[in-house]
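Scroll down for the structure; my scribbles are underneath it.
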Amino acid sequence: MDLDLANRIMYWTDRGDPPRGNTVNRAPMDPTSGVKTEPEIVFTNLMEGIGLALDLTGGRMFITISAALFTAPILMGPTKALLFAEGNLSGIAYAEIP
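Adding 589 to a residue's 1-based position in the sequence shown gives its number in this note's numbering.
Structure follows, in structure tokens:
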């Protein structure tokens, strides 16, 4: 899970069964009172997506999927593989270093 505090949106991966599982999701942190809305599915077919980190300045996210690392635009778009066969990956963190 990661947070976009400026826009008050939370992002997370879900490893459950499809159609809502194996996805990256997002939802507002401050939903409208009395209105129930489903989280938005940003990406599907993750094959056990686990870790998620946002690069808000660069407009992208990083997702760990079993033994691989992917990147994708925050505003949806194609994913791109960065690393494969890296062992058992789980969490991930992103930091900007000056």
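Glycine included, each C-beta is placed from N, C-alpha and C at the ideal position.
For the beta strand (DSSP E) containing Leu-641, name the first residue and the last one. 638-644
Classify Met-618 as buried or exposed, calling it buried when 16 or more other Cβ atoms lie within 10 Å of its own Cβ. exposed
Using 8 Å as the cut-off, can you tell me whether the region 631-645 makes contact with the region 655-669, which would need three or more C-beta pairs spanning the two stretches below that distance? yes
To which residues of the same chain is Gly-640 closer than 8 Å at the C-beta, ignoring the five residues directly before and after it? Thr-602, Phe-651, Ile-652, Thr-653, Leu-678, Ser-679, Gly-680, Ile-681
Going by beta-carbon coordinates alone, are Asp-644 and Tyr-600 separated by less than 8 Å? no
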